[in-house]
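Structure, as structure tokens:
Residue numbers (my numbering): 281 to 385.
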């Protein structure tokens, strides 16, 4: 399962990580987000120990969604060394997410 990331934990979990970090910005009411969720959970299991995979509920945690210009959800960002290296908006096949992580490893 993907890690729940909040505004309070974002800096520590995402920006200070020594591994690539995948962040899925989502909301419970968002139909496409519910399609991406299981894919993100699979990616989390497959990359355990190699990358951090988490989710940010934008209804409860708006600070970093606003900071990174997340206007549509789902938006999946990949961070490396605290910087965005990949941005995917909308529903994508699993390979799009795994390719982005592989490129950051």
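Think of the CB as a built atom: it goes at the ideal place given N, C-alpha and C, for glycine as much as any other residue.
Which residue wins for smallest C-alpha separation from residue i, given the options the options?
i           : options            : result
residue 381 : 327, 338, 336, 343 : 327
residue 313 : 375, 287, 297, 355 : 355
residue 348 : 325, 330, 369, 300 : 369
residue 337 : 317, 306, 371, 378 : 306
residue 285 : 298, 345, 318      : 345
residue 363 : 295, 281, 289      : 295
Beta strand (DSSP E) containing residue i: first to last residue?
i           : result
residue 360 : 355-360
If residue i and residue j are in contact, beta carbons under 8 Å, what's the gap, nearest whole angstrom?
i           : j           : result
residue 287 : residue 343 : 4 Å
Who pairs with residue i in a beta bridge, going by DSSP?
i           : result
residue 368 : 356
List the endpoints of the continuous alpha helix (DSSP H) containing residue i.
i           : result
residue 379 : 374-384
residue 316 : 311-326
>> Taking 8 Å as the cut-off, does the segment 297-306 touch the segment 355-367 (at least 3 CB pairs, one atom from each stretch)?
In response: Contact holds: three or more Cβ-Cβ distances are below 8 Å.
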